[in-house]
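A.B. asks:
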Amino acid sequence: MKTPVIIAGKNYIAVNFLRYLYVNYTGQLDLYAVPNRTDTGKGGWQPSLKFEAEFLGIPVLSLAECYKIKDALFLSLEYDRIINPSKFSTHKIYNIHFSKLPAYKGMYTSTWPILNGELESGVTLHEIDLGIDTGDIVDQCSFNIDGMTCRDLYFAYMEHAILLLKDNFDRLLKSNVQVRQQDSVGATYYSKMSIDYSDISLNFRATAFQVERQFRAFAFRQYQLPQFNGISLRSARITSTKSSHKPGTIIDENQERILVATIDYDIELGRDYLGELLMRIRSGDDIIKLLARIPEVDELGINGWNALMVAAYYNNENAAQALIHSGADVNAVNCNGTSVLMYAKDGAENSRDVSTLRLLLNHNANPENKDSRGLSVFDYCEQNHQKFTLNILNKYKR
């Protein structure tokens, strides 16, 4: 008899673990998915659980529908609804929390540990009870977070969480787990009101070490970047020069960085130009000089596209050439596995110009690469009857 397993949540953690179960427990489980309310079925900078479930043929349920499923294993992986265990027809109800409980219950677990100067954080698998992250602990792990930004930490949480789930899944399935009650010593909690993300600014009446932590705690491009005087920042580096001016005073600035005084040492703030780069590519403006100020040419923007993807989609051959010369990966993909070449296919079809497509192919972009659906650029051309592009691609078939 198959065991019902319900994955509720969002993003890489929910999508990747659902896919892992689908591949590795074939015929053993009845899988169900419960996407968050904001999941439209389309990926952005993160994949969609709704899309993945529908693609794999896994039923998508509401939370209320889960209550009736007897003896199910329910896993909350960044799920956005309050879970009341008493409503379920099972006792196997668990959550992954992004912290090493009992510390950092509640919200903003990718921000508060950095602000507080923690050197490590962790991930906890715990039972769900009526409290906020107060359930008994099944297992947890810890890892070093020194130097991480908020975004770095968030992705580290997801990676470690998936490993923790894999290590414990068979025991969860068989109800063969030993739990321990959370300690009151070291317990902390942060509510949704603990940070006002509509009003984030760096406080320079602090040490340079504190200011640098502020930067890292809020540096998450897909949500926000710290700003100074309306300028988006991509980095913060403590210098060895003692501050001799009032905290917040600009000591020096140029097109790449701003040097600012703090309580103790001057801090160098790096200006961010990725947004401007993507805008210039879309409009067809020259990007050569701007590229010198882009340290990570393959970095994904707000919507999950990198610069070469944008150049490919807008059929901007000059920009694509400059990006490739700067080391851009011609086989880069987004969160759904959509490749640069797939964007170039659309660009060629829309403009009836294959110059950028040819450029990528001539620089070893692989047309055989497949996305998360298991489809290649050839497959999409055939599905959409795009013979204009397909004729070019067929010449590069490997």
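The sequence shown begins at 719 in the numbering used here and counts up one residue at a time.
Where a beta carbon is used, it is the ideal one built from N, C-alpha and C, also for glycine.
All of these numbers come straight from a predicted model, not from anything done at the bench.
(1) Which runs of the alpha helix (DSSP H) fall wholly inside the segment 789–854 and span at least 4 residues, in chain order?
(2) Under a three-way DSSP split, which group does residue 994 fall into?
(3) Under 8 Å by Cβ, that's how I've got residue 932 and residue 921 pegged, so tell me the actual separation to the nearest angstrom.
(4) Give a yes or no on whether the C-beta atoms belonging to residue 832 and residue 934 are separated by under 8 Å.
(5) Need the endpoints of the alpha helix (DSSP H) that residue 930 sits in, please.
(6) Let me know if residue 1082 comes out buried or exposed under the rule of 16 or more other beta-carbons within 10 Å of its beta-carbon.
(7) How would you write the range of the beta strand (DSSP E) that residue 983 sits in, first residue to last?
(8) Would residue 1041 and residue 1015 qualify as a contact pair, given that the criterion is a beta-carbon distance under 8 Å?
(9) Go ahead and label residue 1065 buried or exposed: buried means 16 or more other beta carbons lie within 10 angstroms of its beta carbon, across all protein chains shown.
(10) Just the Cα atoms here: how many angstroms apart are residue 906 and residue 817?
(11) Mapping the DSSP letters down to three states, classify residue 861 as helix, strand or coil.
(12) Classify residue 915 as buried or exposed, calling it buried when 16 or more other Cβ atoms lie within 10 Å of its own Cβ.
(13) Within 10 angstroms of the Cβ of residue 728, are there 16 or more other Cβ atoms? Answer buried if so, exposed if not.
(14) DSSP on residue 875, reduced to helix/strand/coil?
(15) For residue 918, which option in 1093, 945, 893 and 813 has the closest C-alpha, if you only look at C-alpha atoms?
(16) Taking residue 936 as the reference, give the member of 957, 866 and 880 with the closest Cα.
(17) Give a yes or no on whether the C-beta atoms belonging to residue 1019 and residue 992 are separated by under 8 Å.
(18) Between the alpha carbons of residue 749 and residue 1093, how many angstroms are there, rounded?
(19) Going straight from the alpha carbon of residue 880 to that of residue 730, what length do you get?
(20) What did DSSP end up calling residue 939 once you bin it into helix, strand or coil?
(21) Residue 753: which of 820, 1011 and 776 sits nearest, CA to CA?
(22) From residue 951 to residue 974, what distance separates their C-alpha atoms?
(23) Quick check on the DSSP output: what are the complete beta strand (DSSP E) runs of length 3 or more inside the segment 741–789, in order along the chain?
(24) Pull up the CB-CB distance for residue 793 and residue 812, whole angstroms please, since I reckon it's below 8 Å.
(25) Check residue 1072 in the structure and name its three-state DSSP category.
(26) Measure how close the beta-carbons of residue 1070 and residue 1096 come, nearest whole angstrom, since I'm counting them as under 8 Å.
(27) Beta-carbon separation of residue 826 and residue 941 under 8 Å?
(28) Would you say the segment 1073–1090 touches the segment 1031–1050, given that touching needs at least three Cβ pairs under 8 Å?
(29) I think residue 790 touches residue 768, with their Cβ atoms under 8 Å apart; what is that distance to the nearest whole Å?
(30) Does the separation of the CB atoms of residue 893 and residue 871 fall below 8 Å?
(31) Residue 971 bridges to which residues according to DSSP?
(32) How would you label residue 1063, buried or exposed, when you count the other beta carbons within 10 angstroms and need 16 or more for buried?
(33) Which partner residues of residue 954 appear in the DSSP bridge assignment?
(34) Check whether the Cβ atoms of residue 1011 and residue 1028 lie closer than 8 Å to each other.
(35) If you draw a straight line from the alpha carbon of residue 1099 to that of residue 737, how long is it in whole angstroms?
(36) CB-CB under 6 Å to residue 998, same chain, minus the five flanking residues each way: which ones, in chain order?
C.D. replies: In short:
(1) Those alpha helix (DSSP H) runs which fall completely within the segment 789–854 and span 4+ residues are 830–833.
(2) The three-state reading of DSSP puts residue 994 in helix, counting H, G and I together.
(3) The beta-carbon separation of residue 932 and residue 921, rounded to 7 Å, stays under the 8 Å limit for a contact.
(4) For residue 832 and residue 934, yes; Cβs fall inside 8 Å.
(5) The continuous alpha helix (DSSP H) containing residue 930 extends over residues 926–936.
(6) Residue 1082 should be labelled exposed.
(7) For residue 983, the enclosing beta strand (DSSP E) has its first and last residue at 983–989.
(8) Taking the C-beta atoms as reference points, residue 1015 is found nearer than 8 Å to residue 1041.
(9) Its Cβ being crowded by 16 or more others within 10 Å, residue 1065 is buried.
(10) Distance between the alpha carbons of residue 906 and residue 817: 11 Å.
(11) Three-state result, residue 861: strand.
(12) Classification for residue 915: exposed.
(13) Buried.
(14) In the displayed model, residue 875 falls within a helix according to three-state DSSP.
(15) Just measuring C-alpha positions, the residue of 1093, 945, 893 and 813 sitting nearest residue 918 is 945.
(16) Answer by Cα proximity: 866.
(17) Yes, these two residues count as a Cβ contact at 8 Å.
(18) Roughly 23 Å between the two C-alpha positions.
(19) Pairing residue 880 with residue 730, the inter-Cα distance amounts to about 9 Å.
(20) Three-state DSSP puts residue 939 in coil, outside helix and strand.
(21) 776 is the residue among 820, 1011 and 776 whose C-alpha sits nearest the C-alpha of residue 753.
(22) Take the alpha-carbon of residue 951 and the one of residue 974: they are about 10 Å apart.
(23) Counting only runs of 3 or more, we get 747–753.
(24) At roughly 6 Å, the Cβ-Cβ gap stays under 8 Å, so residue 793 and residue 812 are in contact.
(25) Three-state DSSP puts residue 1072 in coil, outside helix and strand.
(26) The C-beta distance from residue 1070 to residue 1096 rounds to 19 Å, too long to fall under 8 Å, and the pair is not in contact.
(27) With contacts defined by Cβ atoms closer than 8 Å, residue 826 and residue 941 do not form a contacting pair.
(28) With a cut-off of 8 Å, the segment 1031–1050 and the segment 1073–1090 count as touching, because enough Cβ pairs lie within range.
(29) Not a contact, Cβ separation roughly 19 Å.
(30) Not a contact, by the Cβ cut-off of 8 Å.
(31) Residue 971 is bridged to 976.
(32) Classification for residue 1063: buried.
(33) Looking at the DSSP output, residue 954 shares a beta bridge with 987.
(34) Going by C-beta atoms, residue 1011 is not nearer than 8 Å to residue 1028.
(35) So the two alpha carbons sit approximately 26 Å from each other.
(36) Excluding residues up to 5 positions away in sequence, 1005 lie with their Cβ nearer than 6 Å to the Cβ of residue 998 in the same chain.
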